[in-house]
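Heads up, the thing below is written out as structure tokens.
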């Protein structure tokens, strides 16, 4: 199981290290970022090995979502480096590096139309064209997450919040990424379904998981923790 080697705050420099005996899938090197005249991160460094689990904690406005968006290249740091799978994230390679990641947020902007039509459209996106649509795999995942096959025939606007969160997770799993970024991705689910989701991802040993969540079911896991309120983030 992953363990934190050391945590220290010295001269406003934050260092969080997770066991480095495995290949580093994600590295943040001395990241600093200021948004709207407020410093979110000050020389924040994080290392997450391949197959690692990191739970990001912090209150509203502490930068949890911003940190996930930085990994996707939607927000660039003022200074420091972000490395994904050993490659530094830049404007030139952001599209190729996003092919290694899947992102599920609390409020997915999925749109309208039939659910199955939406999934097929996802596979037409630039980053997903090398992946084939496999309906049998879709049906298997629907069963795994306690959704019936009729969900595929529903209009997206008819799907409830809890169903939509599970549907969004299923779509990301179909993309089979190396890294999964979960931003309050189970907030609309009841406790048994939350546990189901956590258990499913825990069995994916070869995937790297970064979670931002207030759900206790994630907190009860023996994951490494980055608390932004304790490690150099301003709230």
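In my numbering, the protein residues as written are 151 to 385. Ideal placement from N, C-alpha and C gives every residue a C-beta, glycine not left out.
When the distance is taken between beta carbons, is residue j closer than 9 Å to residue i?
{"i": "residue 232", "j": "residue 329", "result": "no"}
{"i": "residue 215", "j": "residue 255", "result": "yes"}
{"i": "residue 180", "j": "residue 230", "result": "yes"}
{"i": "residue 205", "j": "residue 373", "result": "yes"}
{"i": "residue 239", "j": "residue 378", "result": "no"}
{"i": "residue 361", "j": "residue 368", "result": "yes"}
{"i": "residue 299", "j": "residue 338", "result": "no"}
{"i": "residue 221", "j": "residue 278", "result": "no"}
{"i": "residue 196", "j": "residue 376", "result": "yes"}
{"i": "residue 275", "j": "residue 347", "result": "no"}
Looking at the secondary structure, which residues open and close the alpha helix (DSSP H) in which residue i lies?
{"i": "residue 227", "result": "Residue 227 -> no alpha helix (DSSP H), and no H or E assigned at all."}
{"i": "residue 299", "result": "Careful: residue 299 lies outside any alpha helix (DSSP H) and carries neither H nor E."}
{"i": "residue 277", "result": "Run containing residue 277: none; DSSP gives neither H nor E here."}
{"i": "residue 218", "result": "214-221"}
{"i": "residue 347", "result": "341-352"}
{"i": "residue 366", "result": "366-369"}
{"i": "residue 338", "result": "Looking at the DSSP string, residue 338 is not in any alpha helix (DSSP H), and its letter there is neither H nor E."}
Would you mind sorting residue i into buried or exposed? The rule is 16 or more other CB atoms within 10 Å of its CB.
{"i": "residue 209", "result": "exposed"}
{"i": "residue 123", "result": "Residue 123 falls outside the range modelled here, since the chain spans only 151 to 385, and no answer is possible."}
{"i": "residue 293", "result": "exposed"}
{"i": "residue 333", "result": "buried"}
{"i": "residue 251", "result": "buried"}
{"i": "residue 342", "result": "exposed"}
{"i": "residue 307", "result": "exposed"}
{"i": "residue 228", "result": "exposed"}
{"i": "residue 354", "result": "exposed"}
{"i": "residue 363", "result": "buried"}
{"i": "residue 241", "result": "exposed"}
{"i": "residue 248", "result": "buried"}
{"i": "residue 159", "result": "With a pLDDT of only 31 at residue 159, under the threshold of 50, the placement of this residue in the model should not be trusted, and no figure is reported."}
{"i": "residue 185", "result": "exposed"}
Return the chain-ordered list of same chain residues with a C-beta closer than 8 Å to the C-beta of residue i, the five sequence neighbours on each side being excluded.
{"i": "residue 297", "result": "313, 316, 317, 320"}
{"i": "residue 305", "result": "262, 263, 264, 265"}
Taking only beta-carbon positions, decide if residue i is within less than 9 Å of chain D.
{"i": "residue 331", "result": "Going by chain labels, chain D is absent from the structure shown, which holds only one protein chain."}
Taking residue i as the reference, which of the options has the closest Cα?
{"i": "residue 201", "options": "358, 288, 178", "result": "358"}
{"i": "residue 370", "options": "178, 273, 349", "result": "349"}
{"i": "residue 173", "options": "336, 237, 217", "result": "237"}
{"i": "residue 218", "options": "335, 367, 366, 287", "result": "335"}
{"i": "residue 203", "options": "365, 295, 356, 366", "result": "356"}
{"i": "residue 380", "options": "213, 303, 198, 188", "result": "213"}
{"i": "residue 253", "options": "290, 347, 322", "result": "322"}
{"i": "residue 246", "options": "260, 280, 267, 257", "result": "280"}
{"i": "residue 303", "options": "286, 331, 268, 275", "result": "268"}
Should residue i be listed as close to the ligand GDP, given that the test is whether its C-beta is under 8 Å from any heavy atom?
{"i": "residue 253", "result": "With respect to the ligand GDP, the structure offers nothing, as it holds no ligand at all."}
List the endpoints of the continuous beta strand (DSSP E) containing residue i.
{"i": "residue 177", "result": "174-185"}
{"i": "residue 332", "result": "329-333"}
{"i": "residue 203", "result": "203-207"}
{"i": "residue 192", "result": "188-199"}
{"i": "residue 240", "result": "Looking at the DSSP string, residue 240 is not in any beta strand (DSSP E), and its letter there is neither H nor E."}
Counting only the same chain and skipping the five closest in sequence on each side, list residues whose C-beta sits under 6 Å from that of residue i.
{"i": "residue 283", "result": "270, 273"}
{"i": "residue 365", "result": "336, 344"}
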